[in-house]
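Visitor: A single structure is presented below for examination.
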Amino acid sequence: MPARRPSRKAAATRARPLALDRASTLRRLAGERFDLLVVGGGVTGAYTALDAVSRGLRVALVEKDDFASGTSSKSSKMVHGGLRYIEQGNLGLVRHSLLERQRFRKNAPHLVHRLPFLFPLLKQDGVLDPRLAKAFEGLLWTYDLLGGWRIGKLHQRLTVNEVLAHAPTLRAGQLTGGLLYYDSRADDARLTLTIVRTAAALGAAVLNGTRVENVTTDAGGRVTGARVAPDGGEEFEIRASAVVNATGVWSDTLDAMAQSGHSPQVRPAKGVHIVVPWSKLRIDCTVTVPIPGRARRATCTRWGDAVVLGTTDEDYRGSLEDVLCTKEEMDFLLEGANTAFDVHLTPDDVLGSIAGLRPLVGGKEGATLDMSRDHRITVGAGGMVTVTGGKLTTSRHMGELVVDKVMEVLGRKGRSRTVNLPLLGGAGYDAEAVAASGGIAAHLGERFGTEARFVHDLIAEDPSLAEPVIPGMPYTKAEVVYAARCELARSVDDVLSRRTRARLFGRDASAEAAQVVGELLGAELGLTPQQIDAQVAEYRAAVAHEKSVLLEGVSA
Numbered sequence: 004m005p006a007r008r009p010s011r012k013a014a015a016t017r018a019r020p021l022a023l024d025r026a027s028t029l030r031r032l033a034g035e036r037f038d039l040l041v042v043g044g045g046v047t048g049a050y051t052a053l054d055a056v057s058r059g060l061r062v063a064l065v066e067k068d069d070f071a072s073g074t075s076s077k078s079s080k081m082v083h084g085g086l087r088y089i090e091q092g093n094l095g096l097v098r099h100s101l102l103e104r105q106r107f108r109k110n111a112p113h114l115v116h117r118l119p120f121l122f123p124l125l126k127q128d129g130v131l132d133p134r135l136a137k138a139f140e141g142l143l144w145t146y147d148l149l150g151g152w153r154i155g156k157l158h159q160r161l162t163v164n165e166v167l168a169h170a171p172t173l174r175a176g177q178l179t180g181g182l183l184y185y186d187s188r189a190d191d192a193r194l195t196l197t198i199v200r201t202a203a204a205l206g207a208a209v210l211n212g213t214r215v216e217n218v219t220t221d222a223g224g225r226v227t228g229a230r231v232a233p234d235g236g237e238e239f240e241i242r243a244s245a246v247v248n249a250t251g252v253w254s255d256t257l258d259a260m261a262q263s264g265h266s267p268q269v270r271p272a273k274g275v276h277i278v279v280p281w282s283k284l285r286i287d288c289t290v291t292v293p294i295p296g297r298a299r300r301a302t303c304t305r306w307g308d309a310v311v312l313g314t315t316d317e318d319y320r321g322s323l324e325d326v327l328c329t330k331e332e333m334d335f336l337l338e339g340a341n342t343a344f345d346v347h348l349t350p351d352d353v354l355g356s357i358a359g360l361r362p363l364v365g366g367k368e369g370a371t372l373d374m375s376r377d378h379r380i381t382v383g384a385g386g387m388v389t390v391t392g393g394k395l396t397t398s399r400h401m402g403e404l405v406v407d408k409v410m411e412v413l414g415r416k417g418r419s420r421t422v423n424l425p426l427l428g429g430a431g432y433d434a435e436a437v438a439a440s441g442g443i444a445a446h447l448g449e450r451f452g453t454e455a456r457f458v459h460d461l462i463a464e465d466p467s468l469a470e471p472v473i474p475g476m477p478y479t480k481a482e483v484v485y486a487a488r489c490e491l492a493r494s495v496d497d498v499l500s501r502r503t504r505a506r507l508f509g510r511d512a513s514a515e516a517a518q519v520v521g522e523l524l525g526a527e528l529g530l531t532p533q534q535i536d537a538q539v540a541e542y543r544a545a546v547a548h549e550k551s552v553l554l555e556g557v558s559a
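Residues in the sequence shown are numbered from 4 upward in steps of one, following my numbering.
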């Protein structure tokens, strides 16, 4: 018998907070039989689980570390069509990405926000040759016509003074004007977590800290589930009629478990970002600048009191488990910013960094910039469905297509329902009212949407939870408690790296706050003093390692 199709309203609005409990979820995973097991808790796996459960399938999702702990918390955080894809001639990807961007803005208005993007035009040594500026404006018209208009703004050509109004610290000597267009940005980790929680609200069994040790098959070689090892627990088998491999750059490992003789398909491409104080650059948008001596662009994006500087992909051959921004990568980002802006940024100004791997498929050595960002979905000999490639913006559609393939494997029918499915906190969200509220209310509203009321309830019960976890940063102690009760946060790292973004925007301060976070988690999760001390020490050691690789050139 098919599972009862869940109500969309049940996911969009709730009278009480959705509490996710590890013990009860473990019992479900071990005791039930599922239609679909999704392996991988990044954004693609999350939307696959949500699409499947919204069609009425019985769904389980497991993640070996934490939701979004891989690529999906270390992206450029842009929800966009991709101007570069027009340059590559991939108009179809741009058109579809812009349509998906608008769906994100409709279904998750609290998490996906409009943001202006500025291309300064320089007499020489700019991102664009002056002779190409007119052609590039034609490209922007194409972008608008392909769907950019849906955001409510068309691109504009700016005078020098208009450019400086957006970016007053740009070096004005070579400046001739600029081009401004609009896209969106999102906190990628919170967006992924919200998709996972929406799937859970519709009935999916979701669990982080659960590593797949082996893919199980029947006598005929057909995939029947997986043996998993949860943190601190014994191995057990999850039984499922279909399995999806959505593990990104780790997908070859899982494919090899299901099919002997599997040939590696994924080619990791590394992207890095560093964060500097907003007061150094004072921009109000995303500014694209050249990196001297490199055929690359760097983006400088305002994010509250900080600016995120980042690059596009570089080929990567190192460890998948220890991916960090290096000193060399930091130095060329700082050089790019110092060349474009009338500032002197140094390594001492860097507040935090991230490095992530995009799972590209195919292509020639050293050519990741020109490789397609289209996804690839395959079905192995044992029936396991594997999805690779793609990007954050198109994750909803990727999930839809993956589940279409799963339905074929299962011999079932059913249409996707996620086009108009609000994510938790999105239904009824009033962005203008939240922005006008200011203070804690605005901060919580932009992270939790209408579900912010549940965090406010915690503060009403215990006013001390309104205190910041880190002085000078907006994250409250109530958010730590909520993360433990409702978001499956297991550790200090889960809270400081992903439930909040304190590690990215204040690396050193987050290490100092680790003890406070550990004690709050300990009270909620029943941790012993020894377990709390171990988590705090582990987090501080990871931060120290990250810092040594970044500032001292120590090998990652």
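Using N, Cα and C, we set each Cβ at its ideal position, and we do this for glycine too.
(1) With which residues is S187 paired in a DSSP beta bridge?
(2) Let me make sure I understand the geometry here. Which of R104, G181, T213, L121 has the alpha-carbon closest to that of W152?
(3) Here's a check: name, in chain order, each residue in its chain whose Cβ is nearer than 7 Å to the Cβ of G521, leaving out the five neighbours to either side.
(4) Among residues of its own chain, excluding the 5 on either side of Y50, which ones have a beta-carbon nearer than 6 Å to its beta-carbon?
(5) Tell me whether the beta-carbon of G48 lies closer than 8 Å to the beta-carbon of A249.
(6) So, is H347 buried or exposed, given that buried needs 16 or more other C-beta atoms within 10 angstroms?
(7) Touch check for the segment 264 to 282 and the segment 302 to 318: three-plus C-beta pairs under 8 Å?
(8) Check whether the Cβ atoms of A207 and V56 sit closer than 8 Å, and answer yes or no.
(9) Going by C-alpha to C-alpha distance, which of T479, V215, L157, D465 sits closest to F451?
(10) With DSSP as the reference, identify every bridge partner of L312, one or two as the case may be.
(11) Cα separation between G228 and L157?
(12) Starting from the Cα of P119, find the closest Cα among R200, I154, R415 and give me that residue.
(13) Taking Cβ to Cβ, would you say A111 is nearer than 8 Å to G429?
(14) Exposed or buried, which one is A343 when buried takes at least 16 other CB atoms within 10 Å?
(15) Is there at least one Cβ from chain B nearer than 8 Å to G223's Cβ?
(16) If you compare alpha carbons, which of G180, S75, H99, A512 is closest to L194?
(17) Ignore the nearest five residues each way along the sequence and tell me which others in A445's own chain have a CB closer than 7 Å to its CB.
(18) Taking G45 as the reference, give the member of A192, L23, G355 with the closest Cα.
(19) Using only alpha-carbon positions, find the residue among C288, A189, T145, N341 that is nearest to L395.
(20) Look at the alpha carbon of L2 and the alpha carbon of Q159, and state the distance between them as a whole number of angstroms.
(21) Identify whether A18 lies in helix, strand or coil by the three-state DSSP scheme.
(22) Which residue from P280, C328, V364 puts its Cα closest to that of D255?
(23) Here's the rule: buried if 16 or more other CB atoms are within 10 angstroms of the residue's CB, otherwise exposed. What is T302?
(24) For R214, which residues in the same chain have their Cβ closer than 7 Å to its Cβ, ignoring the five residues on either side in sequence?
(25) Does DSSP put I443 in a helix, a strand or coil?
(26) For N217, write down the residues that DSSP places opposite it in a beta bridge.
(27) Nearest by alpha-carbon distance to L32: which of R543, A517, E449, L210 is it?
(28) Output needed for S78: all residues of its chain with C-beta closer than 7 Å, excluding positions within five of it in sequence on either side, in chain order.
(29) Whose C-alpha, out of E555, R98, A170, is nearest the C-alpha of T145?
(30) What did DSSP end up calling R291 once you bin it into helix, strand or coil?
(31) Alpha carbon to alpha carbon, what distance is there between T201 and Y432?
(32) Are Y185 and R117 close, meaning C-beta to C-beta below 8 Å?
(33) Hey, could you find the ends of the alpha helix (DSSP H) A259 is sitting in?
(34) Measuring CB to CB, does G417 end up less than 8 Å from G59?
(35) Terminal residues of the continuous beta strand (DSSP E) containing P362?
(36) If you scan the segment 462 to 549 from start to end, which runs of the beta strand (DSSP E) of 3 or more residues do you find wholly inside it?
Guide: Result, derived from the coordinates:
(1) As a first step, residue 187 is located in the sequence shown; it is residue number 184 there, counting from the start. Note: S187 sits in a beta bridge opposite V82, R117.
(2) The residue you call residue 152 lines up with position 149 of the sequence shown. Measuring from the Cα of W152, the nearest candidate turns out to be R104.
(3) As a working mapping, residue 521 is identified with position 518 in the sequence shown. Closer than 7 Å at the Cβ level, and outside the excluded window around G521, lie V495, I535, Q538, V539.
(4) Walking along the sequence shown from the start, residue 50 turns up at place 47. Cβ neighbours of Y50 beyond the five flanking positions: I198, S398, R399, G402.
(5) In the sequence shown, residue 48 corresponds to position 45, counting from 1. In the sequence shown, residue 249 corresponds to position 246, counting from 1. Their beta carbons are under 8 Å apart, which means G48 touches A249 by this criterion.
(6) The residue you call residue 347 lines up with position 344 of the sequence shown. Exposed, by the Cβ-count rule.
(7) yes
(8) One-based indexing of the sequence shown puts residue 207 at position 204. One-based indexing of the sequence shown puts residue 56 at position 53. Cβ atoms of A207 and V56: closer than 8 Å.
(9) As a working note, residue 451 is residue 448 in the sequence shown. Comparing alpha carbon positions, the residue from T479, V215, L157, D465 closest to F451 is T479.
(10) For this step, residue 312 is matched to residue 309 along the sequence shown. Answer is I277, C303.
(11) Start at 1 with the first residue of the sequence shown, and residue 228 comes out as number 225. Start at 1 with the first residue of the sequence shown, and residue 157 comes out as number 154. Using only the alpha carbons, I get a separation of about 49 Å.
(12) Here the question's residue 119 lines up with position 116 in the sequence shown. If we check each option's Cα against that of P119, I154 comes out closest.
(13) Position 108 of the sequence shown, counted from the start, is the residue given in the question as residue 111. Position 426 of the sequence shown, counted from the start, is the residue given in the question as residue 429. Their beta carbons are under 8 Å apart, which means A111 touches G429 by this criterion.
(14) Walking along the sequence shown from the start, residue 343 turns up at place 340. Classification of A343: buried, given that the 10 Å Cβ count is 16 or more.
(15) Looking for chain B here will not work: only one protein chain is present.
(16) Taking the first residue of the sequence shown as 1, we reach residue 194 at position 191. Per the Cα distances, S75.
(17) Indexing the sequence shown from 1 puts residue 445 at position 442. Cβ within range, chain order: V437, A438.
(18) In the sequence shown, the residue the question calls residue 45 occupies position 42. For the residues A192, L23, G355, the minimum Cα distance to G45 belongs to A192.
(19) Counted from its first residue, the sequence shown places residue 395 at position 392. Distances from the alpha-carbon of L395 to those of C288, A189, T145, N341 put A189 closest.
(20) It is not possible to answer for residue 2, since the shown part of the chain is limited to 4 through 559.
(21) The residue given as residue 18 occupies position 15 in the sequence shown. Coil at A18, not helix or strand.
(22) For this step, residue 255 is matched to residue 252 along the sequence shown. The residue with the shortest Cα to Cα distance from D255 is V364.
(23) The count along the sequence shown starts at 1 and reaches residue 302 at position 299. Buried.
(24) Translated into positions along the sequence shown, residue 214 becomes position 211. Around R214: K67, V231, A232.
(25) Here residue 443 is taken as the residue at index 440 of the sequence shown, counted from 1. Helix, per DSSP.
(26) Locating residue 217 in the sequence shown gives position 214, counting from the first residue. R230.
(27) The residue labelled residue 32 in the question sits at position 29 within the sequence shown. Cα-wise, what sits closest to L32 is L210.
(28) As a working mapping, residue 78 is identified with position 75 in the sequence shown. Only D191, G359, L395 meet the Cβ criterion.
(29) Start at 1 with the first residue of the sequence shown, and residue 145 comes out as number 142. Nearest of E555, R98, A170 to T145, Cα basis: R98.
(30) Within the sequence shown, the letter at position 288 stands for residue 291. The displayed chain sequence assigns Thr, not Arg, to residue 291. Three-state result, T291: strand.
(31) On the sequence shown, position 429 is the one that residue 432 refers to. On the sequence shown, position 198 is the one that residue 201 refers to. Computed Cα separation, rounded: 16 Å.
(32) Within the sequence shown, residue 185 is the residue found at index 182, counting from 1. Within the sequence shown, residue 117 is the residue found at index 114, counting from 1. Going by C-beta atoms, Y185 is nearer than 8 Å to R117.
(33) Here the question's residue 259 lines up with position 256 in the sequence shown. It spans 254 to 261 - the alpha helix (DSSP H) in which A259 sits, taken as one unbroken run.
(34) Residue numbering aside, residue 417 sits at position 414 when the sequence shown is read from its first letter. Residue numbering aside, residue 59 sits at position 56 when the sequence shown is read from its first letter. Yes, Cβ-Cβ distance for G417 and G59 is below 8 Å.
(35) Your numbering for residue 362 matches position 359 in the sequence shown. That run of the beta strand (DSSP E) goes 355 to 364.
(36) none
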